[in-house]
Amino acid sequence: MSTPSPKGRLTRDEVAHLAHLSRLACSDEELELFAGQLAAVLDAVAQVGKADVADVAPTTHAVPMTNVMRPDVARPSLPRDAVLAGAPAAEDDRFRVPRILGEEA
Numbered sequence: 001m002s003t004p005s006p007k008g009r010l011t012r013d014e015v016a017h018l019a020h021l022s023r024l025a026c027s028d029e030e031l032e033l034f035a036g037q038l039a040a041v042l043d044a045v046a047q048v049g050k051a052d053v054a055d056v057a058p059t060t061h062a063v064p065m066t067n068v069m070r071p072d073v074a075r076p077s078l079p080r081d082a083v084l085a086g087a088p089a090a091e092d093d094r095f096r097v098p099r100i101l102g103e104e105a
């Protein structure tokens with residue numbers, strides 16, 4: 001891989017290498033386009049990296065969160081006949097689905 005170019009600008013060869021690693025087939029025009037787009041992303045990330053966050057506590061959410069889970073309470077569900085009436089196929093009071101992966105019946 002080539003030496004990184006200045007100011008966060010990716011070269012066409014670097015983008016081609018990333019495309020190869022990602023198993024993406026790209027035309028020369030796409031490589032040039034993606035180089036510019038990736039440079040814009042890297043510039044934006046660099047701007048975020050300049051933010052003074054020394055006094056900011058780590059967080060997992062943008063707003064304070066409390067228990068967002070509802071109580072686990074048993075409730076009546078839909079009647080089986082009503083549910084199976086909307087199924088594409090039913091058999092023996094169950095959804096009928098196609099067999100997969102050569103499973104035995």
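Just so we're aligned, residue 1 is where the sequence shown starts under my numbering, counting upward by one.
Don't be surprised by glycine CBs; every beta carbon is placed ideally from N, CA and C.
Please read these numbers as outputs of a predicted model, since none were measured by experiment.
- Taking C-beta separations shorter than 7 Å and ignoring five residues to either side along the sequence, the partners of residue 96 in its chain run 89 and 90, following chain order.
- Between residue 80 and residue 92, the C-beta gap is not smaller than 9 Å, which leaves the two residues out of contact.
- Contact between residue 10 and residue 35 holds, since their C-beta atoms are separated by about 5 Å, short of 8 Å.
- A residue is called buried when at least 16 other Cβ atoms come within 10 angstroms of its Cβ; residue 56 does not meet this threshold and is exposed.
- Counting the other CB atoms within 10 Å of its CB gives residue 15 a total of 16 or more, which places it among the buried residues.
- Cβ neighbours of residue 12 within its own chain (closer than 8 Å, five residues either side excluded): 28, 31, 32 and 35.
- For residue 94, the three-state secondary structure derived from DSSP is strand.
- The alpha helix (DSSP H) runs of length 4 or more contained entirely in the segment 8 to 39 are, from start to end of the chain, 12 to 21.
- Taking the CA atoms as reference points, residue 19 sits about 20 Å from residue 43.
- The alpha-carbon separation between residue 53 and residue 61 amounts to approximately 16 Å.
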